[in-house]
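These notes are about the structure you will find just below.
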């Protein structure tokens with residue numbers, strides 16, 4: 049299982065999880081009162097589930113030559129989307145930040 053902390057601005061908003069089975073889940077933290085992460089995650093009271101990385105989070109991963117640069121230099125698997133998200137989106141453009149859950 050791999051977990052990521054999702055931040056909006058500098059406030060932790062929720063937890064993104066990739067289960068060993070390949071199932072992805074996203075939950076807001078119970079005490080989080082800030083803006084929503086995305087319009088696709090508008091209800092803060094439910095657990096979102098998917099068989100693939102949610103398109104919102106997948107869209108944060110760089111593409112093209114920049115993705116190839118990350119994959120080559122950091123020896124990442126281009127098909128491991130969660131690992132790419134954790135390594136490439138610590139300081140991505142916009143208000144969202146992703147950190148590995150320790």
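Numbering (the working numbering), first residue to last: 49 to 150. Note that CB positions come from ideal geometry on N, CA and C, so glycine has one too. Only a predicted model underlies this, so the values are computations on that prediction, with no experimental measurement involved.
Query	Result
Have a look at 99, 112, 88 and flag the residue whose alpha-carbon is nearest the alpha-carbon of residue 68.	99
Between the alpha carbons of residue 80 and residue 63, how many angstroms are there, rounded?	11 Å
Let me confirm a value: residue 111 is counted as buried when at least 16 other C-beta atoms fall within 10 Å, else exposed. Which label applies?	exposed
Tell me the start and end of each unbroken alpha helix (DSSP H) in the region 78 to 135 that is at least 4 residues and wholly inside, in chain order.	103 to 106, 112 to 122
Taking 8 Å as the threshold, find out whether the region 84 to 92 comes into contact with the region 111 to 127 through three or more Cβ pairs.	no
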